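All remarks here apply to the structure that follows.
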Amino acid sequence: MSKLTSLNLYGNKLKDVPEHSLDGLPRLRYLRIERNQICAFSPNALAEVKPRLELLDLSGNCFTAIPAQNLRNSVKLMYLDLSDNKIGEINNFELMNLPQLKELRLHGNVLNQIHPMAFMNVPQLQYLYMRDNLIGSLDGNRLQAFHKLEILDVTNNLLQKLPELKDLTSLKQVRLDGNLIEKVETLAFSNNPKLQLISLQNNNIVQIARNSFDSLDQLLVLLLSNNSIQSIERGMLDGMKNLQQLNLRNNSLTSIDENTFSSLRHLTTLDLAHNNLKKIGKRTFLHQTKLFWLDLSNNQLSSFEEGTFDSKIANILLDGNRLQCDDSFDWFVRYLVTNRVRTFLPFQPEISCAGPEKYAGVRLKDLMMKKANDTLNEGMKTLGFSEQGQRSFISSLIPGLRSAQPGAVDSAALEHAAAGIPILSTLSQAIPSMRNMPALEAGGAAAGQPVNPQLNTAIEQFTAPLVRFATGGQPVASDIQQLIESIPNFVVNVPGLGNVDISKLDPSLISHVLRGGQIPGIPKETLDNIVQQYMLKMHEAAAAAKNGTPMPNGEKFLPSLDKLPQELIAAVIQGDTLPGLNETQTQTVKDYYTSLIPVMAAEEESSNETSVEAPPTKAKRPAFVFSKEMMDMLRMLPTGYDLTKIPSEIITAFSRGEVPDLRKLPSDLIEHFKSNSDKLGLIFNRVATGNASLEEMLAKLPKFEKPVLSTFSPYDINRLSNEMIHEEEEAAKAARMR
């Protein structure tokens, strides 16, 4: 045992360590006797090992006093744990002459007093933990000798005021949570310029004096949650120019304005949840350009004044507020849309309006679409349109759509109506196809015709990104401007709308509707009907082409592969039927596009000397088929990937059973395949023909570089520090807890 350096007696029923019981252990450095029943040591219990002891853990016993005689003059002791005992006070000179002590744990005792000269010659102390005791005051004189102290934890005691922390110039963290502190005095931390974290949570703080946090340029985190702070006046938060996290959760704040956080230019996280906030002033967050997390949940907010938010804040949590989604709220919804702001967490319900009545319960996600519909309908009612007239007016906005049913709006009526809608002139400039429509050039020139702001607003919304915005979820990448460019070209025979020319339907609209999108003023059922009829026409055109009797203008229903909506391609890849078609009809459309691909690929490979009519050789498959290997490769692509980015020669090679040259893939797809290299290898193996050698296969695979990883030199056991010992202790305790 003469070479033993570490002894662990954890969790026994020891009641004492008799004198001389540790004799014969001249090299012992780490002694752990935690979780026993020792209430006192024999006077010389550690005499033999004390000169070399670096770590002593006596936690979880029943000591009622510091075993001073056993500890004094432990000149190499770096780590001392006396936590979870029954020690009530530290008398003078009990912790004396411990020149190497770095960490002292006294938490979980019944400490109520620390005498003025309790610590003598403890110059290296860096970490002092005294949480969960009964300390009512902490005179700065008790701590003034700890010039190297970095962490002070006095959480859950009975402190009624902040301790004096003068001369602690190395202090980095101070934790004073769960005390009875009512006020933060001016310059309370002015002598602690290296502070990085101050935690004053769960106190009774009502007042923060000006310049309380002055000269704290290194402070990053300030935690003030669960107090009674009613307001934050100018200057209260000055002096922390690099602060990143501020927690004011569960206080009594009623309002904040542009002066509240004006000095905190680097703030990234701000928690204001569970206050009584009723108003947030304009420009409140003007200078917080790095802010990405703002928790406003469970306040009394009903709306936001325009200009409250300027730069993007990625997360603005709004759960537990009664939002009034009237006209003054529209700007905020546009802000959420434009910046794709998350407004709730996964475990919270989606944010909904509390009022006005017609919008009560409407999710923010659906609000702008509903407002656009309502505003458009109300505006046309004001102009005297009947319900049928409203539908016809919408139809009239789309060239080629004219209802033959009674109540339709003729050109004269449209011109009269448009005279009161000057925004139509602007809209016609954005949509070239509308410039030749009657009355649009007149704009609002007709004298005496009142301008209808509600209808103007509705039509303006045609040119804003309204659909599928993400207030707490992933957005669908769709822009209403693209849809507006499609509107003049789409029209179908739909009940209530009359005859519609679907030959001009833009595939982008198909994609939009397949994603669940809408267009203001047009019911979703109508859009679904449009898509269904378009798909039926697509099948009809594909069948005619297959039978050698192409429909007139049939190509208008069969867009080229590069324009075919990704949702339709995905349906084919996954073996689903196309929207509105059965399996047989879907197969007809699939066969049509399958027949196109070899033609497209052959255009690059054919020469003038090759006959187009030449039959394929028996050794090869047809130029292109949706083979199993091809389907496997398509399934490996990222969701929604643009197939047109893949060179046609690679697609053709895969379908023919040849080895494709994957080095020619786009760089983003090569990166994707790196994480799926095992599946790629299996597919490669299946498509490889007997003529492909191993060398050829390897040559055509992308080169996957091995990442350069950091390496570390071996530890020198003779240079182990207290920090490593501390980590070992924490890991051991965590393992025991598990």
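For the sequence shown, the residue numbers in this note's numbering are 13 to 750.
Positions of the beta carbon are idealized from the N, C-alpha and C atoms, including for glycine.
Model, not experiment: these values are computed from the prediction.
Practice task
Quick one: give me the first and last residue of the beta strand (DSSP E) that Arg117 is part of.
Solution key: Looking at the DSSP string, the run of the beta strand (DSSP E) that includes Arg117 is 115 to 117.
Exercise for the section: Only counting runs of 4 or more residues, tell me where the alpha helix (DSSP H) segments fall wholly within the segment 105 to 143, in order along the chain. Expected result: Within the segment 105 to 143, no run of alpha helix (DSSP H) reaches 4 residues while sitting entirely inside it.
Problem - Anticipated Cβ contact below 8 Å, Pro35 with Glu60, distance rounded - result: The sequence given here places Asp at residue 35; Pro does not occur at that position. About 5 Å separates the CB atoms of Asp35 and Glu60; that is less than 8 Å, so the two are in contact.
Handout entry: Per-residue DSSP class, three states only, for Ala163
Key = Here residue 163 turns out to be Ile, not Ala, going by the sequence shown. Strand, per DSSP.
Handout entry: Straight-line Cα distance separating Leu313 from Glu369
Key = Here the alpha carbons of Leu313 and Glu369 stand approximately 17 Å from one another.
Handout entry: For Thr606, the nearest candidate out of Ala557, Leu65, Asn259, Asn48 (CA to CA)
Key = Considering only alpha carbons, the answer is Ala557.
Exercise for the section: Counting only the same chain and skipping the five closest in sequence on each side, list residues whose C-beta sits under 7 Å from that of Tyr604. Expected result: Non-local beta-carbon contacts of Tyr604 in its own chain, meaning distances under 7 Å to residues more than five positions away in sequence, involve Ala554, Ala557, Lys558, Leu570 in chain order.
Handout entry: Span separating the alpha-carbon of Glu115 from that of Ile244
Key = Taking the straight line from one Cα to the other gives about 37 Å.
Exercise for the section: Measuring alpha carbon to alpha carbon, tell me which of Asp322, Ser14, Val166, Leu70 ends up nearest Asn48. Expected result: When each option's Cα is compared against that of Asn48, the closest is Leu70.
Problem - Beta-carbon proximity of Glu194 to Asn216, cut-off 9 Å - result: Between Glu194 and Asn216, the CB-CB gap stays under 9 Å.
Practice task
Look at the Cβ atom of Leu279, then the Cβ atom of Leu308, and state whether they are nearer than 9 Å.
Solution key: Leu279 places its beta carbon 9 Å or farther from that of Leu308.
Problem - Beta bridge counterpart(s) of Arg44 as assigned by DSSP - result: The bridge partners DSSP lists for Arg44 are Asn20, Asp69.
Exercise for the section: Take Leu16 and list the residues in its own chain whose beta-carbon comes closer than 8 Å to its own, dropping the five residues that flank it on each side. Expected result: The answer, listed in chain order, is Leu37, Arg39, Leu40.
Practice task
Give a yes or no on whether the C-beta atoms belonging to Ser315 and Phe344 are separated by under 9 Å.
Solution key: With a cutoff of 9 Å on beta-carbon distance, Ser315 and Phe344 are scored as near each other.
Exercise for the section: Report the three-state DSSP secondary structure of Asp93 (helix, strand or coil). Expected result: Judged by DSSP in its simplified three-state form, Asp93 adopts strand.
Exercise for the section: Check Asn327 in the structure and name its three-state DSSP category. Expected result: Three-state DSSP puts Asn327 in a strand.
Exercise for the section: Report the rounded CA-to-CA distance for Glu567 versus Tyr546, giving the unit in angstroms. Expected result: So the two alpha carbons sit approximately 13 Å from each other.
Exercise for the section: May I have the straight-line CA-CA distance separating Asp226 from Leu207, to the nearest angstrom? Expected result: C-alpha separation (whole angstroms): 11 Å.
Problem - Option in Pro650, Leu649, Met648, Lys676 with minimal Cα separation from Glu661 - result: Comparing Cα-Cα distances from Glu661 to each of Pro650, Leu649, Met648, Lys676, the minimum goes to Lys676.
Problem - In chain order, each beta strand (DSSP E) run of at least 3 residues that lies wholly inside the segment 179 to 251 - result: Complete beta strand (DSSP E) runs here, min 3: 185 to 187, 209 to 211, 233 to 235.
Exercise for the section: Helix, strand or coil for Arg346, going by three-state DSSP, please let me know. Expected result: In the three-state reduction of the DSSP assignment, Arg346 falls in the helix class.
Exercise for the section: Name the one or two DSSP bridge partners that Leu282 has. Expected result: Leu282 is bridged to Leu258, Leu306.
Practice task
Report the residue from His299, Ser33, Ile45 whose alpha carbon sits nearest the alpha carbon of Glu20.
Solution key: Note that residue 20 corresponds to Asn in the displayed sequence, not to Glu. Cα-wise, what sits closest to Asn20 is Ile45.
Handout entry: Limits of the alpha helix (DSSP H) - the one that Gln81 falls within
Key = Element bounds for Gln81: 80 to 83.
Problem - Range of the contiguous alpha helix (DSSP H) that encloses Arg154 - result: That run of the alpha helix (DSSP H) goes 152 to 155.
Problem - Contact between the segment 135 to 142 and the segment 98 to 117 (3+ Cβ pairs under 8 Å) - result: Counting Cβ pairs under 8 Å, three or more are found: they touch.
Exercise for the section: Report yes if the C-beta distance between Lys290 and Asn311 is below 9 Å; otherwise report no. Expected result: The answer is yes: Cβ separation under 9 Å.
Practice task
Look up Ile292 in the DSSP assignment and give the residues it is bridged to.
Solution key: Its beta-bridge partners are Ile268.
Exercise for the section: Look at the alpha carbon of Met90 and the alpha carbon of Leu118, and state the distance between them as a whole number of angstroms. Expected result: When rounded, the distance between both Cα atoms is 15 Å.
Practice task
Could you check what DSSP says for Ile102 in three-state terms: helix, strand or coil?
Solution key: In the structure shown, Ile102 sits in a strand (DSSP, three-state: E or B).
Handout entry: Within 9 Å, strictly: CB atoms of Gly148 and Lys178
Key = It is not a contact, given that the beta carbons lie outside the stated cut-off.
Practice task
Go ahead and pull the three-state DSSP assignment for Arg675.
Solution key: Note: Arg675 maps to helix in three-state DSSP.
Problem - Cβ neighbour criterion (16 or more within 10 Å) applied to Arg246 - result: Under this definition Arg246 is an exposed residue.
Practice task
Have a look at Ser267 and Glu162 and give me their C-alpha separation to the nearest angstrom.
Solution key: Our two residues, Ser267 and Glu162, have alpha carbons roughly 36 Å apart in a direct line.
Handout entry: Per-residue burial, Asp339 [other beta carbons within 10 Å of its own, 16 or more giving buried]
Key = Per the 10 Å Cβ criterion, exposed.
Handout entry: Length of the line joining the Cα atoms of Val87 and Arg154
Key = Going from the Cα of Val87 to the Cα of Arg154 covers about 21 Å.
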